[in-house]
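**Student:**
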Amino acid sequence: MADPANRYDMNRWAANEVARMPRRKHWHWALGLSMAMTLTIPAIALFSPIDQGVRFSPVFVSSLLPLMVTLQQSPFAREMWFGRDLAQLDEFERNALLMATRCAYRILMLLILALCVWLWATTALDWPGPATIEQWAGIAISMTAIGIALPILFAEIMVPLPPPGDEKEIA
Numbered sequence: 001m002a003d004p005a006n007r008y009d010m011n012r013w014a015a016n017e018v019a020r021m022p023r024r025k026h027w028h029w030a031l032g033l034s035m036a037m038t039l040t041i042p043a044i045a046l047f048s049p050i051d052q053g054v055r056f057s058p059v060f061v062s063s064l065l066p067l068m069v070t071l072q073q074s075p076f077a078r079e080m081w082f083g084r085d086l087a088q089l090d091e092f093e094r095n096a097l098l099m100a101t102r103c104a105y106r107i108l109m110l111l112i113l114a115l116c117v118w119l120w121a122t123t124a125l126d127w128p129g130p131a132t133i134e135q136w137a138g139i140a141i142s143m144t145a146i147g148i149a150l151p152i153l154f155a156e157i158m159v160p161l162p163p164p165g166d167e168k169e170i171a
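So, in structure tokens, the structure goes:
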């Protein structure tokens, strides 16, 4: 019998390979910053002066552009309607995205609960709260954008992807 100390350990080799894979930290930061920029939509809409002549200011569209551009660069956004190479995730990427989505939606539910508590507090304590269509739309747009981007951000952080290779699969 072979000595167990000299045996080849596939699990240890695979774990070392994953640890050596480069992570795309610049996309983590870009996606995180674009989400922070998206979070400013309700604040801008809430504290801007109410102007009845302007409906849905360009702030909404301009703050969502970085989010959309950053999401297009992520390989985990391929199943989105605006992503490139639609539905070409392999099993590993799909499982990672499902795990990240579960975690992200838990956080999103906590954000929605915090939003409900804040709206309750604005009514009970006479704090400033949303009163116009623009302010409610700002809250809805930012929550939707966070719901789209948070699973992809978590998948980018959790999974180190290997660099794209030039090998082709043989069918």
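For the sequence shown, our numbering begins at 1 and goes up steadily by one. Cβ atoms here follow ideal geometry from the backbone N, Cα and C, with glycine treated the same way.
Enumerate in chain order the residues of its own chain whose CB-to-CB distance from L153 is below 6 Å, with the five nearest sequence positions on each side excluded.
**Tutor:** The sequence position of residue 153 within the sequence shown is 153, counting from 1. Cβ neighbours of L153 beyond the five flanking positions: L31.
**Student:** Going by C-alpha distance, which of A149, W120, L125 is nearest L97?
**Tutor:** Taking the first residue of the sequence shown as 1, we reach residue 97 at position 97. Selected option, being the one with the closest Cα: A149.
**Student:** At the level of alpha carbons, what is the spacing between A104 and A155?
**Tutor:** Along the sequence shown, one-based indexing puts residue 104 at 104. Along the sequence shown, one-based indexing puts residue 155 at 155. Using only the alpha carbons, I get a separation of about 9 Å.
**Student:** I'd like to know whether the C-beta atoms of I41 and I112 end up nearer to each other than 9 Å.
**Tutor:** Within the sequence shown, numbered from 1, the residue matching residue 41 stands at position 41. Within the sequence shown, numbered from 1, the residue matching residue 112 stands at position 112. Taking 9 Å as the Cβ cut-off, I41 and I112 do not qualify as a contacting pair.
**Student:** Give every residue of the same chain whose Cβ lies closer than 6 Å to the Cβ of W136, excluding the five residues on either side of it in the sequence, and list them in chain order.
**Tutor:** The residue given as residue 136 occupies position 136 in the sequence shown. Excluding positions up to five away in sequence, the list reads P130.
**Student:** Taking buried to mean at least 16 other C-beta atoms within 10 Å of its own C-beta, is A121 buried or exposed?
**Tutor:** To locate residue 121, count along the sequence shown from 1; it is residue 121. Result: exposed.
**Student:** By the three-class DSSP mapping on this structure, what secondary structure does S48 have?
**Tutor:** Indexing the sequence shown from 1 puts residue 48 at position 48. It is coil, neither helix nor strand.
**Student:** Since A131 is in the alpha helix (DSSP H), which residue starts that stretch and which ends it?
**Tutor:** As a position in the sequence shown, residue 131 is number 131, starting the count at 1. It is not in any alpha helix (DSSP H) - A131 carries neither H nor E in the DSSP assignment.
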